[in-house]
Amino acid sequence: MTKARSPWSVLFLLLVAVVSAPTRVLARNQPDAAPSPADPVPGTSSVAALVKQGNEARRAGQMRVAIASFRKARDLAPHTYEIRILLADTLRRAGQWDRSLPEYEAARRIDPSRPEGYSGTALISRLRYDYDGAAAVLLEGLGKVAPGSRPDLLLVLAESRRRQSRLPDAQRLFEEILKARPQEAPARAGLARVAEDRGDLAGAIRAWDAYLEIKTEDEAAELRRQELRELRASIEALRETAGRAASAGVLAELGRLQSVAGDAKGAVESYRRALRVDAEHVEARRGLALALLDTGPEGVTEAAREFRRLLKRVPGDGVALYNLVALAAAAGDASAEESAWGALVAARPDDLFALRGDLAFLERQGPEALARALDRGPAGGREAAAPALLRRRALLLATAGRFPEATDALYRLLVPDPTDPWSLEIANEILFMDPPILRALADRLSRDLAPGTEAMGPSAGPSAPGAAARQVLRARLTWWAGRGEEALVILRQAVAAHPDAAVARSALGEAYQEIAHAQDLALVELERAAEIDPSRPAAGVDLALALLRAGRSKQAAAAARRCLERSPDLAPAQSVLGAALADQGDFEGAASAYAAALSADPADNFGLARGQLPVALAALGRNVEARRALRGPLPPLPEMLYREAWAFARDSCRDRGFNGQDWLAWRTRYRRKLGTEDDAYRAITEMLASLGDPYTRLRDPEETASLFLARRGASVLTDPLGRVSPPSKTVITGDLPGGLGYIRLSNFTDPNVVAELRAALETMRQKEGIVLDLRGNSGGLTRSADEIGNLLVGPGRDAGVDDSAAGPITQVTGGEGALTDSPLTVLVDGQTGSAAERLARTLSSTGRGSLAGDPTFGKGRAQVSRVLPGGTTVLVSISEMLGPDGRPIQGNGLQPARRARVPPVSAAAEPSPGAKPAPPPPAAGSSPAPPPAANPSPAPPPR
Numbered sequence: 010m011t012k013a014r015s016p017w018s019v020l021f022l023l024l025v026a027v028v029s030a031p032t033r034v035l036a037r038n039q040p041d042a043a044p045s046p047a048d049p050v051p052g053t054s055s056v057a058a059l060v061k062q063g064n065e066a067r068r069a070g071q072m073r074v075a076i077a078s079f080r081k082a083r084d085l086a087p088h089t090y091e092i093r094i095l096l097a098d099t100l101r102r103a104g105q106w107d108r109s110l111p112e113y114e115a116a117r118r119i120d121p122s123r124p125e126g127y128s129g130t131a132l133i134s135r136l137r138y139d140y141d142g143a144a145a146v147l148l149e150g151l152g153k154v155a156p157g158s159r160p161d162l163l164l165v166l167a168e169s170r171r172r173q174s175r176l177p178d179a180q181r182l183f184e185e186i187l188k189a190r191p192q193e194a195p196a197r198a199g200l201a202r203v204a205e206d207r208g209d210l211a212g213a214i215r216a217w218d219a220y221l222e223i224k225t226e227d228e229a230a231e232l233r234r235q236e237l238r239e240l241r242a243s244i245e246a247l248r249e250t251a252g253r254a255a256s257a258g259v260l261a262e263l264g265r266l267q268s269v270a271g272d273a274k275g276a277v278e279s280y281r282r283a284l285r286v287d288a289e290h291v292e293a294r295r296g297l298a299l300a301l302l303d304t305g306p307e308g309v310t311e312a313a314r315e316f317r318r319l320l321k322r323v324p325g326d327g328v329a330l331y332n333l334v335a336l337a338a339a340a341g342d343a344s345a346e347e348s349a350w351g352a353l354v355a356a357r358p359d360d361l362f363a364l365r366g367d368l369a370f371l372e373r374q375g376p377e378a379l380a381r382a383l384d385r386g387p388a389g390g391r392e393a394a395a396p397a398l399l400r401r402r403a404l405l406l407a408t409a410g411r412f413p414e415a416t417d418a419l420y421r422l423l424v425p426d427p428t429d430p431w432s433l434e435i436a437n438e439i440l441f442m443d444p445p446i447l448r449a450l451a452d453r454l455s456r457d458l459a460p461g462t463e464a465m466g467p468s469a470g471p472s473a474p475g476a477a478a479r480q481v482l483r484a485r486l487t488w489w490a491g492r493g494e495e496a497l498v499i500l501r502q503a504v505a506a507h508p509d510a511a512v513a514r515s516a517l518g519e520a521y522q523e524i525a526h527a528q529d530l531a532l533v534e535l536e537r538a539a540e541i542d543p544s545r546p547a548a549g550v551d552l553a554l555a556l557l558r559a560g561r562s563k564q565a566a567a568a569a570r571r572c573l574e575r576s577p578d579l580a581p582a583q584s585v586l587g588a589a590l591a592d593q594g595d596f597e598g599a600a601s602a603y604a605a606a607l608s609a610d611p612a613d614n615f616g617l618a619r620g621q622l623p624v625a626l627a628a629l630g631r632n633v634e635a636r637r638a639l640r641g642p643l644p645p646l647p648e649m650l651y652r653e654a655w656a657f658a659r660d661s662c663r664d665r666g667f668n669g670q671d672w673l674a675w676r677t678r679y680r681r682k683l684g685t686e687d688d689a690y691r692a693i694t695e696m697l698a699s700l701g702d703p704y705t706r707l708r709d710p711e712e713t714a715s716l717f718l719a720r721r722g723a724s725v726l727t728d729p730l731g732r733v734s735p736p737s738k739t740v741i742t743g744d745l746p747g748g749l750g751y752i753r754l755s756n757f758t759d760p761n762v763v764a765e766l767r768a769a770l771e772t773m774r775q776k777e778g779i780v781l782d783l784r785g786n787s788g789g790l791t792r793s794a795d796e797i798g799n800l801l802v803g804p805g806r807d808a809g810v811d812d813s814a815a816g817p818i819t820q821v822t823g824g825e826g827a828l829t830d831s832p833l834t835v836l837v838d839g840q841t842g843s844a845a846e847r848l849a850r851t852l853s854s855t856g857r858g859s860l861a862g863d864p865t866f867g868k869g870r871a872q873v874s875r876v877l878p879g880g881t882t883v884l885v886s887i888s889e890m891l892g893p894d895g896r897p898i899q900g901n902g903l904q905p906a907r908r909a910r911v912p913p914v915s916a917a918a919e920p921s922p923g924a925k926p927a928p929p930p931p932a933a934g935s936s937p938a939p940p941p942a943a944n945p946s947p948a949p950p951p952r
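Mapping of the sequence shown onto our numbering: residues 10 to 952, in sequence order.
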């Protein structure tokens, strides 16, 4: 059975949220050090040769070859500590955690006095959110390693404590390290981060000052310090303004910036002053309640009081309602939590996240609670037919195992509008619980479609009221049954019989996109649907999404704005407007639109604004604020974190067999077992690992910040393996002999990458040719790669094939036209991966450019992302790129036709072809908080 998805979720997954991971494969807690040769067994030249071969393979990005070489070396010299560590480290970086652990254990047995076996094991425990397990192995190691190695383990332990928010412990450990090693830069960086986490701006800046006295040329650390200085200056400026004219607006903004800085107590005071000026100031009241929560347990009671005051002013405020649920849950008051969930669902009936949360609570309480909820709901009449009530009732009945009644409720939900995206989401969940319901729905519809039935009336014909919707439902059920082509025929017939039925036009447009992959035909139908019934919000959002997917961002923005004229608080329309404006480089407008979307729907049911608002803020240079925005105002309820991750994997996973397991069984595996955030993250990590794909995983907020939210420098930094580090300058341009232009594109994670590349191409329109250098580019957002492909190729060209759960799908370029037709040469190497390989494939498949250099990394799987409350991101592999030869890029890479002879240009100030790349930063070994020169946050993993 084809999974039942709403059209919004399909378009969103395919258009905006698809990401390709960088090739910095899973090295999330330390940068790649240059692999040092192991000390071979004397006289064993074959071992030395294998180690050398493995090291060379690692430098070339060929991790499978490296692992195979190190394994052979291990088998020949099983008691050589260095070989065990090399193999374990490489396996860990490749995401093969379970295979790396025995190698670390063997290394500890061979030489328990050396630190790497302990630190490597602890890093894996930390990746699994098992901080106590990490601490246990580190404490064991501290009792066994040589005194000179203790600081190496203390670094990992200190960083683990910081990530647990045990800031006093982390500070004490970092200070202990500095007593032994006063020039230990990672410890200085750790203290700076502890100060940041405490909200001590001045202390953080002083700590970065001390770090930069040791690492004087660390551009990434300088940039982070500059971000903090700018935030401090903004706060001071607002304090001065408030001193002259203490308006509520100024004081509320001061409180907001203090919250961004982490100064909860300062924010509380500013918000209180704002409310003394204007007691009805909504933002100040909400900000005060959130800041009180951030002060710790002592602020909880007053925070709850402020949230209740806010609800008197704004009865449906989602932030207040969700936080009251969290406070009741934290207090262990089941009665109060039940009331809080009931109030939330009643106030926000279209909030599916709230509906699922209420359901999870009722399940946790037992069958009696489910039965009570069903008895309380209206069973008949006009009120009971409201879509929101039908969604809740259908889902409650299915969860209670009352499937015949659930079928009836679902049928009554779908018949009036089988294109409503929220109703389709609920249908998806119910059909996953009990697939035979699909057959029951089809049988009932067949009976109702028979002439003379009560549903159709005695004189029913093709123009009878509701006939178009029933035909669309018939097509929908046929599509879900796996007969897409037949569904497409039914929808064409429905439009022919009901040309003025907006629901039929919308459904046909959706089918043209997802079944026929005919974008132009889809746009015609979606435009007509919006014209027929402009009051129907879904039609406007559908059209805007489709235009955005086609690379027509200006038209998409116009369509979203038309939708918002009628429904100003429609969060999906605000989200699509934000995406369209971001595509045009208007990040100020994008940030405003995303913020409006989250104001209307803090749960972000559309699944876009929570992840993209931080990116837009980072593009504006508001990097500290971006990191704060990633966390968001909604509390990370453990049960809901797990359920959301489970549902996202259910809907997105390319492997519809879920690695041969019953995915439904995972839904309730941890019921009543998740007491904390870390409990939830450990459970999610185990659940996602069961899918057998190292790229399907969690990404913590610090990794996301390192990849997407860091400020970019003025130079290109590379690590010892030749990969460009995240803070590097994104676009480097220069001239080459023979009238050629040179563009080095270092990443696809910078939100400004498309705008910068567009500007570079504008200056090279008259060049005889262009060399596009993708060497060392480990990837980023697929969306950015596709947009750049549109700028170089133009619309309507086959750009390669992606293999998805729906089968092979040919990708077609879009946009408004190519900016240049100059011949292109694309330089690649063994560290060119992911989205960079995607762009290279587009240029090669369309014949627009030729590849030169070394075989690429071979990271062909693409992931979709969902940011959870609290800022942790779920990543799920949704598709796999095929190369021009039809082979998967995963594990194989792209094969250039010739070698490259142009050295990489490292900075705009060095445009000559002989320029040298920036020197690699020093390796941080097993340190938990590596020097920002290498990577200011843990090295980015696959996305």
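Glycine included, every Cβ here is placed at the ideal spot set by N, Cα and C.
Option nearest Ala-514 by Cα separation, candidates Gln-528, Glu-536, Ala-527 and Ala-496: As a working mapping, residue 514 is identified with position 505 in the sequence shown. Here residue 514 turns out to be Arg, not Ala, going by the sequence shown. A check of alpha carbon separations from Arg-514 across Gln-528, Glu-536, Ala-527 and Ala-496 identifies Glu-536 as the nearest.
Where Phe-757 sits in the DSSP three-state scheme: Along the sequence shown, one-based indexing puts residue 757 at 748. Phe-757 carries a strand assignment under DSSP once its states are collapsed to helix, strand and coil.
Every unbroken alpha helix (DSSP H) within the stretch 621-648, with a cutoff of 4 residues, ordered by chain: The stretch 621-648 contains these whole alpha helix (DSSP H) runs: 632-640.
Sequence ranges, beta strand (DSSP E) only - wholly within the stretch 650-674, length at least 3: Correct list: empty.
Contact the stretch 641-661 vs the stretch 359-370: 3+ CB pairs below 8 Å: Taking a cut-off of 8 Å on C-beta distances, the stretch 641-661 touches the stretch 359-370, as three or more cross pairs fall below it.
Straight-line Cα distance separating Ala-612 from Ser-874: For the purposes of this step, residue 874 is taken as residue 865 along the sequence shown, with counting starting at 1. For the purposes of this step, residue 612 is taken as residue 603 along the sequence shown, with counting starting at 1. Ser-874 and Ala-612: Cα-Cα distance of roughly 15 Å.
Pair within 7 Å by beta-carbon distance, Ser-843 and Lys-868: Working through the sequence shown from its first residue, we reach residue 843 at position 834. Working through the sequence shown from its first residue, we reach residue 868 at position 859. The answer is yes: Cβ separation under 7 Å.
Extent of the continuous beta strand (DSSP E) to which Asp-782 belongs: Taking the sequence shown and counting its residues from 1, the one referred to as residue 782 is at position 773. In the DSSP annotation of this structure, the continuous segment of the beta strand (DSSP E) that includes Asp-782 starts and ends at 778-782.
Closest Cα partner of Ser-824 within the set Arg-792, Pro-817, Gly-839 and Leu-836: As a working mapping, residue 824 is identified with position 815 in the sequence shown. Per the sequence presented here, residue 824 reads as Gly, with Ser not at that position. Restricting attention to Arg-792, Pro-817, Gly-839 and Leu-836, the CA atom closest to the CA of Gly-824 is found in Arg-792.
Terminal residues of the alpha helix (DSSP H) in which Arg-238 lies: Within the sequence shown, the letter at position 229 stands for residue 238. Start and end: 228-253.
Nearest-angstrom Cα separation, counted from Tyr-751 out to Ala-943: Position 934 of the sequence shown, counted from the first residue, corresponds to residue 943. Position 742 of the sequence shown, counted from the first residue, corresponds to residue 751. Residue placement at Ala-943 is flagged as unreliable, the pLDDT there being 27, under the threshold of 50; the coordinate-derived value follows with that caveat. Rounded to whole angstroms, the gap between the alpha carbons of Ala-943 and Tyr-751 is 26 Å.
Residue nearest to Leu-646 in terms of C-alpha spacing, selected from Ala-298, Lys-81 and Pro-878: Residue 646 sits at position 637 when you count from the first residue of the sequence shown. The residue with the shortest Cα to Cα distance from Leu-646 is Pro-878.
Counted within 10 angstroms of its Cβ, other Cβ atoms place Gly-722 as buried (16 or more) or exposed: Looking up residue 722 in the sequence shown gives position 713. Buried, by the Cβ-count rule.
CB-CB length for Thr-756 against Thr-739, believed under 8 Å: For the purposes of this step, residue 756 is identified with residue 747 of the sequence shown, where counting begins at 1. For the purposes of this step, residue 739 is identified with residue 730 of the sequence shown, where counting begins at 1. According to the sequence shown, residue 756 is Asn rather than Thr. In this structure Asn-756 is in contact with Thr-739, their Cβ atoms being roughly 6 Å apart against a cut-off of 8 Å.
Through-space distance from Pro-444 to Gly-549, alpha-carbon basis: The count along the sequence shown starts at 1 and reaches residue 549 at position 540. The count along the sequence shown starts at 1 and reaches residue 444 at position 435. Linking Gly-549 to Pro-444 through their CA atoms gives a straight-line distance of about 31 Å.
Distance, Tyr-603 Cα to Gln-62 Cα: The residue given as residue 62 occupies position 53 in the sequence shown. The residue given as residue 603 occupies position 594 in the sequence shown. Distance between the alpha carbons of Gln-62 and Tyr-603 is about 49 Å.
Whole-angstrom distance between Ala-298 and Leu-320, CA atom to CA atom: Within the sequence shown, residue 320 is the residue found at index 311, counting from 1. Within the sequence shown, residue 298 is the residue found at index 289, counting from 1. So the two alpha carbons sit approximately 12 Å from each other.
Whether Tyr-113 touches Arg-691 by CB criterion (7 Å): Your numbering for residue 113 matches position 104 in the sequence shown. Your numbering for residue 691 matches position 682 in the sequence shown. No.
Identity of the residue in Arg-636, Gln-71 and Ala-363 nearest Gly-880 by Cα: By one-based count along the sequence shown, residue 880 stands at place 871. In this structure, Arg-636 is the residue among Arg-636, Gln-71 and Ala-363 with its C-alpha nearest to the C-alpha of Gly-880.
Counterpart residues of Val-876 in DSSP-defined beta bridges: The sequence position of residue 876 within the sequence shown is 867, counting from 1. Bridge partners of Val-876: Thr-882.
Proximity below 7 Å, CB of Ala-270 to CB of Ala-283: Translated into positions along the sequence shown, residue 270 becomes position 261. Translated into positions along the sequence shown, residue 283 becomes position 274. With respect to the 7 Å criterion, Ala-270 and Ala-283 are not classified as neighbours on the basis of their beta carbons.
Given Glu-372 as reference, the closest of Ile-797, Arg-233 and Lys-682 once Cα atoms are compared: Reading the sequence shown from its first residue, position 363 is the one you call residue 372. For Glu-372, the nearest C-alpha among the options comes from Lys-682.
Same chain only: Cβ atoms within 7 Å of Ala-629, ignoring 5 sequence neighbours per side: By 1-based counting over the sequence shown, the position of residue 629 is 620. A small fix is needed here, since residue 629 is Leu in this sequence, not Ala. Leaving aside the five residues that flank Leu-629 on each side, the residues in its chain whose CB is nearer than 7 Å to its CB run, in chain order, Phe-596, Glu-597 and Ala-600.
Identity of the residue in Gly-258, Ile-119, Ser-169 and Gln-173 nearest Lys-153 by Cα: Residue 153 sits at position 144 when you count from the first residue of the sequence shown. For the residues Gly-258, Ile-119, Ser-169 and Gln-173, the minimum Cα distance to Lys-153 belongs to Ile-119.
Cβ shell of Asp-702 (< 6 Å), same chain only, five flanking positions each side left out: For the purposes of this step, residue 702 is taken as the residue at position 693 of the sequence shown. Same-chain partners within the cutoff: Ser-886.
Cβ-based burial, Val-291 [other Cβ within 10 Å; buried from 16]: Position 282 of the sequence shown, counting from 1, holds the residue named residue 291. Label assigned to Val-291: exposed.
Boundaries (first-last residue) of the alpha helix (DSSP H) holding Ile-446: Along the sequence shown, read from residue 1 onward, the residue named residue 446 stands at position 437. Its alpha helix (DSSP H) spans residues 446-458.
Alpha-carbon to alpha-carbon, Ala-658 and Leu-697: Position 688 of the sequence shown, counted from the first residue, corresponds to residue 697. Position 649 of the sequence shown, counted from the first residue, corresponds to residue 658. Straight-line Cα distance between these residues: approximately 8 Å.
Proximity to Ala-246 [Cα-Cα], best of Leu-833, Ala-230, Gly-264 and Glu-438: Counting from one through the sequence shown, the residue named residue 246 turns up at place 237. With distances taken between Cα atoms, Ala-246 lies closest to Gly-264.
Cβ-Cβ distance between Gly-809 and Arg-870 below 7 Å: Position 800 of the sequence shown, counted from the start, is the residue given in the question as residue 809. Position 861 of the sequence shown, counted from the start, is the residue given in the question as residue 870. Contact: no.
Rounded Cβ spacing between Gln-899 and Pro-864 (contact assumed at less than 8 Å): The sequence position of residue 899 within the sequence shown is 890, counting from 1. The sequence position of residue 864 within the sequence shown is 855, counting from 1. Taking a contact as a CB-CB distance under 8 Å, the pair Gln-899 and Pro-864 does not count as one, their CB atoms being some 13 Å apart.
Burial state of Lys-81 (16 or more Cβ within 10 Å): Start at 1 with the first residue of the sequence shown, and residue 81 comes out as number 72. Taking all protein chains in view, the Cβ of Lys-81 is crowded by 16 or more other Cβ atoms within 10 Å, so the residue is classified as buried.
Per-residue burial, His-88 [other beta carbons within 10 Å of its own, 16 or more giving buried]: Numbered from its first residue, the sequence shown carries residue 88 at position 79. When all chains shown are included, His-88 counts as exposed.
Completely contained alpha helix (DSSP H) runs for the stretch 691-720, where each covers 4 or more residues: Taken in chain order, the complete alpha helix (DSSP H) segments of 4 residues or longer contained in the stretch 691-720 are 710-713.
Three-state secondary structure assigned by DSSP to Leu-163: Within the sequence shown, numbered from 1, the residue matching residue 163 stands at position 154. The answer is helix: DSSP assigns Leu-163 an H, G or I state.
4 or more residues per run - each alpha helix (DSSP H) lying fully within the stretch 800-866: DSSP runs (the alpha helix (DSSP H)) wholly in the stretch 800-866: 844-854.
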